[in-house]
Structures are given as structure tokens and as C-alpha cells.
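Residue 55 is where the sequence shown starts when you use the numbering used here, and the numbers rise one by one after that.
Where is the CB? At the ideal position from N, CA and C, for every residue including glycine.
Every value quoted in this text rests on a predicted model; they were computed, and no experiment measured them.
Worksheet: the structure to be examined is printed underneath.
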Amino acid sequence: MKLKDFKITPENSHYGTGRRKESIARVWILKDQPNKFIVRVDETGKEYDLRDYVQRETLFQKVMLPFKATGTEGKFGIYATVEGGGISGQAEAIMYGVAKALLAHNSDFRTPLKKAKLLARDAREKERKKYAQMGARAKYRWSKR
């Protein structure tokens with residue numbers, strides 16, 4: 055299933071943006087394509103099935119968490135474009151995007167999504183490397199002689 059097989063319109067989809075670490079995911083939940091999960095990677099332009107792309111079942115379950123929290127499993131499909139970061143960060147970015155898109159679909163989902171802590175952005179970012187140091191915190195070894 056590719057994007058060219060269906061159209062994304064405001065009538066059949068809802069949009070949400072998710073971010074995590076260096077990853078950004080633009081997510082559309084599709085009403086008329088239930089259980090179709092497609093990910094497009096911006097760096098390569100290729101489209102993948104979500105389960106194949108995230109590789110681990112735990113990451114796939116994490117992406118599906120907003121659907122479980124709102125009781126909408128099997129009612130929506132996902133089309134997401136991701137860029138930056140690694141697969142784990144991208145999966146969490148998709149999860150946040152799905153939660154925001156579900157909120158755009160129905161504002162009554164706010165309570166279960168907040169209870170499941172799916173609307174709070176995880177703001178942890180990589181700390182920058184400082185000059186005269188090995189990394190962000192690690193220092194070079196000091197030698198007296």
C-alpha cells in the first residue's frame with residue numbers, strides 16, 4: 055500500500071506533529087484506511103510498512119498506545135513522514151503525532167490521552183559537547199607530569 059493508492063484529504067484524515075530527540079514525524083490518521091500503517095522516510099523518500107520499519111514489536115506497540123488508550127484500535131490507519139534521529143526516537147515521535155491527531159479528531163480523547171501521559175512532549179535532548187572536554191560532561195584525564 056503506497057500513498058499513491060489513496061488520497062489524504064481533510065475529510066478522511068486528521069493531522070498531528072510529533073517530536074522526540076532529533077526526530078520529527080508528521081502524522082495523518084486515516085479514517086477510510088483502517089489497519090494500514092505506512093511510514094515515509096524523508097532522507098530516502100522510500101515508503102515502508104510501519105511494523106517492518108520500526109523492526110521491534112515493543113516500538114510498534116508504543117506507536118499503537120494512543121489507539122489503545124482511546125479504544126480506537128482498528129478504526130484508523132497511519133501515514134507518517136519521519137526525518138532525523140534513529141528508529142526509536144522516530145517511533146516515539148510517531149506516537150506523539152498519533153496522539154495529537156486523535157485529539158484533533160475528537161477532543162473528548164483528551165482525558166484518556168492525558169491519563170496515559172501521551173500528550174506531554176518528552177523534552178530531553180542531547181547535551182552539546184563542550185570545548186576542552188571529551189564530551190558533554192566527561193573531561194580529559196588530568197596528568198600531573
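| Check | Outcome |
| --- | --- |
| Going by DSSP, what residues sit across from residue 137 in a beta bridge? | 78 |
| In its own chain, which residues sit with a C-beta less than 8 angstroms from the C-beta of residue 187, not counting the 5 before and 5 after it? | 193 and 194 |
| Closest to residue 169 by CA distance: which of 180, 181 and 153 is it? | 153 |
| Grouping DSSP H, G and I as helix and E and B as strand, with all else coil, what is residue 113? | helix |
| Within 8 angstroms, do at least three Cβ pairs link the region 85 to 94 to the region 166 to 184? | no |
| Which of helix, strand or coil does DSSP assign to residue 101? | strand |
| For the beta strand (DSSP E) that contains residue 94, what are its first and last residues? | 91 to 95 |
| Using the DSSP secondary-structure output, state which residues sit across from residue 132 in a beta bridge. | 83 and 91 |
| Quick check: what's the CA-CA separation for residue 75 versus residue 183? | 16 angstroms |
| Please list the terminal residues of the continuous alpha helix (DSSP H) segment that includes residue 168. | 164 to 169 |
| Excluding the 5 residues preceding and the 5 following residue 148 in the sequence, name in chain order all residues of the same chain whose CB lies nearer than 8 angstroms to its CB. | 72, 79, 81, 93, 104, 117, 132, 134 and 136 |
| Please classify residue 67: does DSSP put it in a helix, a strand, or coil? | strand |
| For residue 68 versus residue 155, is the C-beta distance shorter than 9 angstroms? | yes |
| Do you know how far the Cα of residue 172 is from the Cα of residue 77? | 17 angstroms |
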